[in-house]
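>
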Amino acid sequence: MSAAKGLKARVFVMPKNGVLDPQGKAIGHALGTLGFEGIGEVRTGKVIELELSETDPDAAKAAAEAMARKLLANTVIESFRVEIA
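Residue numbers (the working numbering): 46 to 130.
1. How should Phe81 be labelled, buried or exposed, when 16 other C-beta atoms within 10 angstroms of its C-beta is the threshold for buried?
2. Nearest-angstrom Cα distance between Thr78 and Gly85?
3. Going by CA-CA distance only, name the one from Arg114, Ala109, Leu116, Ala113 that's closest to Leu52.
4. What is the rounded straight-line gap between the Cα of Ile129 and the Cα of Gly83?
5. Does Leu76 come out as helix, strand or coil in the three-state DSSP assignment?
6. Give me the residue from Ala71, Arg114, Ile93, Thr120 with the minimum Cα distance to Val56.
Printed below as a string of structure tokens:
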């Protein structure tokens, strides 16, 4: 699936506030055992980079947001934001 030269979208997905993040807790604990101090809460997420054929930034953002709502993020427990490059 090769897209024509268009825009890139980055979708940042994070657990919503109040949702447990066991991976983040494990990373925070591991950083502490490695001697790193002053670490507060650690939250983990994911970044999905999409190459889109769309050349209009507003249309590209709308398409990436639709993809995030339908597949890339579980909107019950995750929030997302989209950046267009």
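Glycine residues also receive a C-beta, built at the ideal position from the N, C-alpha and C atoms.
To lay it out plainly:
1. Exposed.
2. Near 14 Å, if we compare the C-alpha coordinates of Gly85 and Thr78.
3. Ranked by how close their Cα comes to the Cα of Leu52, the residues Arg114, Ala109, Leu116, Ala113 have Ala109 in first place.
4. Going from the Cα of Ile129 to the Cα of Gly83 covers about 34 Å.
5. Here DSSP, grouped into helix, strand and coil, assigns Leu76 to helix.
6. Minimum Cα distance to Val56 is reached at Ile93.
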